[in-house]
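One structure below.
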Amino acid sequence: MKEKVKRFDVLKINGKNTVRAEDTVVREFALTLFLNSYEIITLMCTPSSLEYLAAGYLFSEGLIKEKDHIKDITIDIKKGLARVMTWKDGLVKSGIYPKRLLAPKADRITSLPNGINIEKKAPITTKITIKKDQIYSLMDKFDLSPQIFMSTGGTHSTALCDNKNFLLFSEDIGRHNAIDKIFGECILRDIQTDDRIIMTSGRVSSQTLNKVSKTNIPFVISKSAPTDLGIEISKHLGITLIGFVRGRRMNIYTHDWRVIR
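Here you go:
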């Protein structure tokens, strides 16, 4: 596996002081993903947990539905290739690929602003709740967890949690990649996501919520801001969306009844 960081000589300026020094920079790696014989995408990513990234991307994009679809995953780090083989090409023939054939029109919802499409899915109705102090405590742990970010400042982080502890943690230069690595690890290691929490360092967009919608995760908590479509999708899917968790403050955008104040 390639190193996650690289050292460079840089010129550092701090006020009136100028000094040449060595700086640590996060690596950017191109991974081209194949599903059977189909080239799906080239992901610009951090070169770690690439099997999880491949499986998680295909799952969160709806190209595979479950672990049993996967026959084999091979990573060629020298060539920058990830190949995911399924047990039968029936996955392709049944409309799982290409994306434009993922679902017939009747199975899509287009009532959200700007005609955004999301998969038809019953809203999450779980009665699980979390205390606001538990959210602060989890974010305190989250801030101390990203090792690559601490040395480079160049990654996003994602964690899968219950209401007290971290279960999984990932870092990547792309915030969506970090989420996909979590979901890929859940698939390949048979880790359940029902009633769990996704924590992210990045902006919560419609793409983020569409990825989370493939699971039964009722909480998305971020240090950053949501977009308007992220909020609309959260409302529709029954997901409690929380942003700007910094210090002892937060904004609860949707389904605030799950947070005990």
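Under my numbering, think of the first position of the sequence shown as 11, with each following residue one higher. Note that beta-carbon positions come from the ideal geometry of N, C-alpha and C, so glycine has one too.
- With the rule of 3 Cβ pairs closer than 8 Å, the segment 236-256 does not count as touching the segment 186-197.
- At a Cβ-Cβ threshold of 9 Å, C171 and L198 do not count as neighbours.
- Shown here for I158: same chain residues with a beta carbon closer than 8 Å to its own, the five before and five after excluded, namely K14, V15, V36, T56, G164, T165 and E181 in chain order.
- G66 and R30 have their C-alpha atoms some 41 Å from each other.
- No Cβ-Cβ contact shorter than 9 Å links I243 with I227.
- Only residues of its own chain outside the window of five on either side were considered, and among them K81 have a CB closer than 6 Å to the CB of W97, listed in chain order.
- In this structure, T264 keeps its C-beta atom at 9 Å or more from the C-beta atom of M209.
- A residue is called buried once 16 or more other Cβ atoms fall within 10 Å of its Cβ, and K26, having fewer, is exposed.
- Nearest to D200 by C-alpha distance, out of L251, V94 and L177, is L177.
- Bridge pairing for S180: T168 [DSSP].
- For E32, the uninterrupted beta strand (DSSP E) run begins and ends at N27 to V36, by DSSP.
- If you keep only unbroken alpha helix (DSSP H) runs of at least 4 residues inside the segment 54-85, you get 60-70.
- The shortest C-alpha to C-alpha distance from R258 to any of W267, Q144 and M95 is the one to Q144.
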